[in-house]
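Scroll down for the structure; my scribbles are underneath it.
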Amino acid sequence: MAIHAEGLVAIVIFYLLILFVGIWAAWKNKDSGVSEGTDRSESIMVGGRDIGLFVGGFTMTATWVGGGYINGTAEYVYLPDYGLAWAQAPFGYALSLVVGGLFFAKPMRSRGYVTMLDPFQQLYGKRMGGLLFIPALMGEIFWSAAILSALGATLSVIVDININMSVVISAMIAIFYTLVGGLYSVAYTDVVQLFCIFVGLWISVPFALSNPAVSDIGVTAKEAIYQSPWLGKIEPGDKWLWADNFCLLMLGGIPWQVYFQRVLSASSATYAQVLSFLAAFGCLVMAVPSVLIGAIGASTDWNQTSYGSLPPKEKDESDMILPIVLQHLCPPYISFFGLGAVSAAVMSSADSSILSASSMFARNIYQLAFRQSASDREIVWVMRITIFVFGALATAMALLTGTVYGLWYLSSDLVYVIIFPQLLSVLFVKGTNTYGSVAAYVFGLLLRIGGGEPYLKLPPFIYYPGWVTQERVHHLTGDVEYFVQQRFPFKSVSMVASFLANVAFSYLTKYLFESGMLSHKYDFLDAVVSKHSKEIMDKTTLVGNHDNIILSEMAPVKQAMGASLAGTFINTEVLSDDGESSPEAFHNEN
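Numbering (the working numbering), first residue to last: 29 to 618.
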């Protein structure tokens, strides 16, 4: 098997750069936050809450902009049946950051939470927090696995080296610097990651555009030359499907620990909002070269290139259109620089998901559900072990599971259908309780799973209005696969049903218990009557006015005032806009 020496050298250089920056960030900030009284474990999770505008803007943008984002955008622009009209990720994720900044960043940051699951455990109890941890964990692990899987495919285009070995080495590097530095390493490597993507792709685009095999992309946008126009179109029968997928990206992109990890690390609630808006702009800017590369792929006569006579779509390699364009339409030194930068960026994308999963486990499962008396040192070691375990799990799935993308699609749907309505309820709806939360979880899960998942060959048991049977042809083998496509916006309907179930069942059980229609002894979740139960777990005041109940099981949430990082903007009023720390107080303010 041939090994392209220049490509290998480029990748090694970029990998060493990422590794160096990760270790440097860990060393530079090893005492940050600790001097102000912040636990070391919290500093690993949220970086001492002193991330400023410069680093914060980059790391917030990198919430979604990584290897999967740039490869996926280029793929959809290139695909003949989709085109730019169906490349929803740039606008979808940009709007999710805007909505997150407008409505979710301030209440989450101002109350001093450490992870996304804190408000759920505070209001609904540790068992419900554990249930909500499952789809959140699945989303993070499968996202990491999908990224690593894409990385293996990208590297195979560049250097013809063993895919398994390259994925394992990449994962080990990401796990190592995340183990050493936590959020600081993730944040600083994000700066390098975005710089690599931006420079690597923009250097490559002019060379690809000027290749003799590429037609004018302005012409191919509207006229079919080598394939259908790359602008694409939305057929009338697909409009609800398009809207459903767009809502999934826009609203389902909010309830992720990778996003709130950045929100909660900001030096104030206002900073968290500003970073979200900056990142929304960054998402759009970073998508431009990917869109152009997808358009170039759709405008190329592949018979004139070293790739071969058959275009990528007929070899089932549409998902690798970005590395293919860089490899076959650019000079070698340009393509290796671009591909090396992209592969390093893909590798760096997996770190934050692994850190997010370990943060939620160490704090919300280990510490708050099982070991409230655990020392800070113990929590740090639990985080380190789970970073390694979750990283190894994601790597194994990337190597051994052929359906990793299907698993990620399904888990991201569950995050949208289950966690988003629960987050809405816990932050903005007064009076929801654990019974409503359980009902919402069950409703959302059944309605989403009932619609099936073609990527996992999971057949539906609920056939929503407008469903059709589609066929998928595998070009290399000639096999034809039939699957059911739900054109009804059932994901968004499932999300709304889950939200309404939470509100309805919460108020119903509250009425039944408080009116005496149900005996207090049947309040087995201690959610309505027995509010003094150990099941609800925070020192935070849960009920407003004169009915305050101060609970003491949960370790206190520290709202640390950290010193700003060197090279970032300084915000002296770290928590100047912080309000009350209870959900009820927030409702009363609004």
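Every residue, glycine too, gets a C-beta built ideally from N, C-alpha and C. Every value quoted in this text rests on a predicted model; they were computed, and no experiment measured them.
Item	Value
Whether or not the stretch 93-106 and the stretch 311-322 are in contact is what I'm after, with contact meaning three or more pairs of Cβ atoms, one per stretch, closer than 8 Å; do they touch?	yes
Kindly confirm or deny that the stretch 413-432 and the stretch 197-214 touch, where touching means at least three C-beta pairs closer than 8 Å.	yes
Alpha carbon to alpha carbon, how far is Arg500 from Ala390? Give it in angstroms, no decimals.	42 Å
Mind checking which residues open and close the alpha helix (DSSP H) that includes Glu542?	518-542
With DSSP collapsed to three states, give me the class of Thr298.	helix
Is the distance from the Cβ of Pro108 to the Cβ of Gln332 below 8 Å?	no
State the Cα-Cα distance for the pair Ser69 and Leu383, rounded to the nearest angstrom.	12 Å
CB-CB under 7 Å to Val227, same chain, minus the five flanking residues each way: which ones, in chain order?	Ala369
Quick one: what's Thr143 bridged to in DSSP?	Partner(s): none; Thr143 has no beta bridge.
Do Phe471 and Ala555 have their beta-carbon atoms positioned less than 8 Å apart in this structure?	no
Residue range of the beta strand (DSSP E) that Tyr550 falls in?	Here Tyr550 belongs to no beta strand (DSSP E), and DSSP marks it neither H nor E.
Below 8 Å, how does it come out for the stretch 208-221 and the stretch 35-53: are there three or more Cβ pairs, yes or no?	yes
Around the Cβ of Asn192, are there at least 16 other Cβ atoms within 10 angstroms (buried) or fewer (exposed)?	exposed
Could you tell me the alpha carbon to alpha carbon distance between Asp266 and Gln116, rounded to whole angstroms?	14 Å
My output table needs one value for Thr505: the three-state DSSP class, helix, strand or coil.	coil
Considering only DSSP beta bridges, list what Phe418 is partnered with.	According to DSSP, Phe418 bridges with nothing at all.
If you run the structure through DSSP and keep just helix, strand and coil, what is Leu486?	strand
For Gln514 versus Pro487, is the C-beta distance shorter than 8 Å?	no
Bridge partners of Val496, per DSSP?	Gln513
What's the C-alpha gap between Phe274 and Ser124?	10 Å
Buried or exposed: which applies to Gly544, given that a residue is buried once 16 or more other Cβ atoms fall within 10 Å of its Cβ?	exposed
Are the CB atoms of Phe132 and Asn392 within a distance shorter than 8 Å?	no
Please report the straight-line C-alpha distance between Ala38 and Leu553, rounded to a whole angstrom.	57 Å
Can you give the Cα-Cα distance for Phe204 and Leu536, rounded to whole angstroms?	50 Å
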